[in-house]
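Undergrad: Just passing along the structure, written as structure tokens.
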Amino acid sequence: MAIDTPLALDQPIQKRRRSRRDGHPLALAGRVAIAVVVSAIVIFPLYWMLVVAFSPRGELFTQELRYWPSTFTLENFETVFNRFPVADWFVNSVVIGLFVTAFTVVVNMLAGYAFARLKFPGNTAIFLLVLSTMMIPVQVIMVAQFKLVSGLGIAGTYWSVILPSAAAAFGIFLARQFIISIPNELIEAARIDGAGHVRIFLQIVLPLCKPLLAVLTLLTLMGTWNDFAWPLIALKDPDLFTLPIGLLYLKGQTTPDYNAIMALALISVIPIVILFLVFQRYFVQGFARSGIR
Numbered sequence: 002m003a004i005d006t007p008l009a010l011d012q013p014i015q016k017r018r019r020s021r022r023d024g025h026p027l028a029l030a031g032r033v034a035i036a037v038v039v040s041a042i043v044i045f046p047l048y049w050m051l052v053v054a055f056s057p058r059g060e061l062f063t064q065e066l067r068y069w070p071s072t073f074t075l076e077n078f079e080t081v082f083n084r085f086p087v088a089d090w091f092v093n094s095v096v097i098g099l100f101v102t103a104f105t106v107v108v109n110m111l112a113g114y115a116f117a118r119l120k121f122p123g124n125t126a127i128f129l130l131v132l133s134t135m136m137i138p139v140q141v142i143m144v145a146q147f148k149l150v151s152g153l154g155i156a157g158t159y160w161s162v163i164l165p166s167a168a169a170a171f172g173i174f175l176a177r178q179f180i181i182s183i184p185n186e187l188i189e190a191a192r193i194d195g196a197g198h199v200r201i202f203l204q205i206v207l208p209l210c211k212p213l214l215a216v217l218t219l220l221t222l223m224g225t226w227n228d229f230a231w232p233l234i235a236l237k238d239p240d241l242f243t244l245p246i247g248l249l250y251l252k253g254q255t256t257p258d259y260n261a262i263m264a265l266a267l268i269s270v271i272p273i274v275i276l277f278l279v280f281q282r283y284f285v286q287g288f289a290r291s292g293i294r
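FYI, in our numbering the residues of the sequence shown are 2 to 294.
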């Protein structure tokens, strides 16, 4: 017969006190107030971008501070599309983003499964070596990377941006941690039924990795969509430029048109915001089950 110690008896009392304190109207109001303030700080730059993009030219430099356009206008978007090949830049960003995302997700999932479920000599050492590459700044390897794509004869093409990004150490780490959380009983049952690694990966692991796939897809697509330095180095033809490089063109003018810059920035941001809102639930689940806090 178990005997309750004073410490064990105090624990339910402490939990009840904590629950009462957390459920107190003042505590709830405080948490809501903090959430509102933090949300406002995060959302305000996007809101200001929206206001400037739809405001008439010159209104930004008036002495009166306006938090809403005096007149909604599409003049800034017309200027951007008429003066620059924005449609081509958008298509380039989409093509590069989709190819990089597809290659990266496939490589990361296969590597994550190998590190999580396959037993081979040097498994842990190789995994730690892969993780150590995260400490190397991207700028350090750009010269070697450019020499590599030049030697392959793909410099100045889509592939010079796609192939060097076909794997990510953080994605491999995330995939490994997620696949480790899958119950071993499912894997062993499939092996008893005669399934090999390919069948286990395709029919057991992948269906359970929907949150992980959403996380890898969003992170890779966001990183590729916003990437600036490497596409600027690898791509030489202006017709192949992406949206971030297009923003540089607008900023580099003698008299920058900030309304047009905000219009192009809004065009660049909206697709990523929509994707995140659509897949937010899977995004949070993927991080939670991968052990990332």
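Every residue gets a Cβ at the ideal spot worked out from N, C-alpha and C, and that includes glycine.
Would you mind working out which of Gly247, Val43, Phe100 sits nearest Leu164, comparing C-alpha positions?
TA: Phe100
Undergrad: Using the beta-carbon count (16 or more within 10 Å), is Pro232 buried or exposed?
TA: buried
Undergrad: Entirely within the stretch 172 to 243 and at least 4 residues each: give me those alpha helix (DSSP H) ranges in chain order.
TA: DSSP runs (the alpha helix (DSSP H)) wholly in the stretch 172 to 243: 185 to 193, 198 to 201, 211 to 227, 230 to 235.
Undergrad: Quick one: what's got a C-beta closer than 7 Å to Gln146's C-beta in the same chain, skipping five residues either side?
TA: The residues Pro165, in chain order, have a CB closer than 7 Å to that of Gln146 in the same chain once the five nearest residues on each side in sequence are set aside.
Undergrad: Three Cβ pairs or more, each shorter than 8 Å: is that satisfied between the stretch 121 to 135 and the stretch 164 to 184?
TA: They touch, by the three-pair rule.
Undergrad: So, are the CB atoms of Thr221 and Val106 less than 8 Å apart?
TA: Remark: C-beta atoms of Thr221 and Val106 approach each other more closely than 8 Å.
Undergrad: So within the stretch 85 to 129, which uninterrupted alpha helix (DSSP H) runs reach at least 4 residues, ignoring any that extend past its ends?
TA: 87 to 118
Undergrad: Kindly indicate which three-state DSSP category Arg32 falls into: helix, strand or coil?
TA: Reduced to three states, the DSSP call for Arg32 is helix.
Undergrad: Kindly indicate which three-state DSSP category Phe280 falls into: helix, strand or coil?
TA: coil
Undergrad: Do you know whose CA, among Asn185, Leu249, Asp238, Ile273, lies nearest Ile262's CA?
TA: Leu249
Undergrad: Give a yes or no on contact between the stretch 146 to 159 and the stretch 233 to 242, applying the rule of three or more CB pairs nearer than 8 Å.
TA: yes
Undergrad: Can you tell me where the alpha helix (DSSP H) with Gly59 in it begins and where it stops?
TA: It is not in any alpha helix (DSSP H) - Gly59 carries neither H nor E in the DSSP assignment.
Undergrad: Considering only residues of the same chain and omitting the five flanking positions on each side of Thr72, which have a CB-CB separation below 7 Å?
TA: Around Thr72: Pro57.
Undergrad: Are there 16 or more other CB atoms within 10 angstroms of the CB of Thr125, so buried, or fewer, so exposed?
TA: exposed
Undergrad: What does the alpha-carbon distance come out to for the pair Thr243 and Gly98?
TA: 10 Å
Undergrad: With H, G and I counted as helix, E and B as strand and the rest as coil, what does DSSP make of Gly247?
TA: helix
Undergrad: How long is the line joining the alpha carbons of Ile183 and Arg84, rounded to whole angstroms?
TA: 53 Å
Undergrad: Helix, strand or coil: how does DSSP classify Trp49 here?
TA: helix
Undergrad: Quick one: grab the DSSP three-state call for Trp160.
TA: helix
Undergrad: Quick check on Ala266: buried or exposed, where buried means 16 or more other Cβ atoms within 10 Å of its Cβ?
TA: Per the 10 Å Cβ criterion, buried.
Undergrad: Under 8 Å, do Val227 and Val53 count as touching if we go by C-beta distance?
TA: The amino acid occupying residue 227 in the given sequence is Asn; Val does not appear at that position. The Cβ-Cβ distance between Asn227 and Val53 does not fall below 8 Å.
Undergrad: Under the rule that 16 or more other beta-carbon atoms within 10 Å means buried, what is Arg177, buried or exposed?
TA: buried
Undergrad: Reducing DSSP to helix, strand and coil, say where Leu10 ends up.
TA: Any reading at Leu10 needs caution, since the residue's pLDDT is 43, under 50, leaving its predicted position unreliable; the model's value is listed next. Leu10 falls in the helix class under three-state DSSP.
Undergrad: Measure the CB-CB distance between Phe116 and Phe104 and report whether it falls below 8 Å.
TA: no
Undergrad: Apply the 10 Å Cβ neighbour rule to Pro212 and answer buried if 16 or more other Cβ atoms are within range, or exposed otherwise.
TA: buried
Undergrad: Excluding sequence positions up to five away, which residues of its chain have a Cβ less than 7 Å from the Cβ of Thr218?
TA: Thr102, Val106
Undergrad: Just how far apart, CA to CA, sit Asp240 and Pro86?
TA: 8 Å
Undergrad: Should Ala191 and Ile181 be called a contact, given that it needs their Cβ atoms to be closer than 8 Å?
TA: no
Undergrad: With DSSP as the reference, label Ser1 as helix, strand or coil.
TA: As displayed, the chain neither begins before 2 nor continues past 294, which places residue 1 out of reach and without an answer.
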